[in-house]
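The structure appears right after this line, and notes come after that.
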């Protein structure tokens, strides 16, 4: 077993294994996403106390094991507790952030910017609220870091600026944005308002803190959410459970 390594990390998910251990998946800043075993974690009052719940921000100490798929988690220092997201809305949105990152990142591929994005988003959510612009900016930045950057500035067909186009459409099957002349008749396209395209372009260039302060008109917010849902569906392996949680927050009560 190699000597212990340390890194800042966000806990993505964990489950009990056998009687007292836990299997934990976490996103580190220095080593990417890892899955490890935390021996005795279920009853731990020192090494892992309050450190292995989803959303928790920690400094994790672990050792890699040759020919083993799991790293050996030795201990964690608590930096940001999961209790900060106990309120239903914060819990739902934090669940969405970590579930999306979990699905769009592979094991062992270190991209420090993804960690910084997630940790920054959780910190912002802890001290504020998840606005529509904040969520769309997070999704756009994550897609870009994962290698799936949506190009909403120029037409995928003629490469002319979409800001000059009279009408803009999204191809839900390919994730391409095109102007009306480049739209083929045999496909089903999602028509978009110019204000939505402009908002997406601005959010791509905005830091999360700046995006959180933006207020999108209701029609633009709804259309932008639809666009990002279509784009994300191209790259996630399974439906996100947290989407249902978020929907339940705004569902009318009977």
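In our numbering, the protein residues as written are 603 to 856. By construction, the Cβ of each residue, glycine as well, lies at the ideal position given by its N, Cα and C atoms.
| Would you call residue 831 buried or exposed, if buried means 16 or more other Cβ atoms sit within 10 Å of its Cβ? | exposed
**Asked** So which of 748, 779, 772, 750 has the shortest CA-CA distance to residue 762?
**Response** 779
ask   = Identify the residues that DSSP records as bridge partners of residue 608: which are they?
value = 663
- Message: Assuming residue 821 is part of the alpha helix (DSSP H), what are its boundary residues?
- Response: 820-835
Residues in its own chain within less than 6 Å of residue 719 by CB, not counting five upstream and five downstream? 743
What residue does the alpha helix (DSSP H) around residue 843 start on, and which one ends it?
-> 843-852
Q.
Suppose the cutoff is 7 Å on Cβ atoms and the five residues either side in sequence are ignored; what does the same chain contact list for residue 791 look like?
A. 771, 772, 773, 785
Taking buried to mean at least 16 other C-beta atoms within 10 Å of its own C-beta, is residue 836 buried or exposed? exposed
| said: Tell me which residue opens and which closes the beta strand (DSSP E) that residue 676 is part of. | reply: 673-682
Point to revise | Neighbourhood of residue 653 by C-beta distance below 6 Å, restricted to the same chain and skipping five residues each side | key: 660, 678, 680
Can you look up residue 617 in the DSSP assignment and give me helix, strand or coil? strand
Where do the ends of the alpha helix (DSSP H) carrying residue 803 lie? 796-807
In its own chain, which residues sit with a C-beta less than 6 Å from the C-beta of residue 619, not counting the 5 before and 5 after it? 625
State the DSSP-derived secondary structure class of residue 718, mapped to helix, strand or coil.
helix
Inside the region 743-780 only - beta strand (DSSP E) runs reaching at least 3 residues:
770-773
What's the gap between the Cα of residue 700 and the Cα of residue 684?
12 Å
Neighbourhood of residue 839 by C-beta distance below 8 Å, restricted to the same chain and skipping five residues each side: 705
Checklist entry - Helix, strand or coil: which one does DSSP assign to residue 693? => result helix
Worksheet item: Candidates 844, 630, 643, 707: which alpha carbon is nearest residue 616's?
Response: 643
Query - residue 814 in three-state terms, based on DSSP - result: helix
Test item: CB-CB of residue 627 and residue 614 under 8 Å:
yes
Using a Cβ-Cβ cut-off of 7 Å (strictly less than) and excluding sequence neighbours within five positions of residue 747, which residues of its own chain qualify? 713, 715, 716, 719
- Would you report the Cα separation of residue 741 and residue 849, rounded to the nearest angstrom? 17 Å
**Report entry** residue 829 vs residue 798 beta-carbon contact at 8 Å
**Finding:** yes
**Report entry** Residue interval of the beta strand (DSSP E) (run including residue 628)
**Finding:** 623-630
Next item on the list: Please report how far the alpha carbon of residue 698 lies from the alpha carbon of residue 842, in whole angstroms.
Entry: 8 Å
Which one of 608, 711, 708, 657 has the shortest CA to CA distance from residue 687? 657
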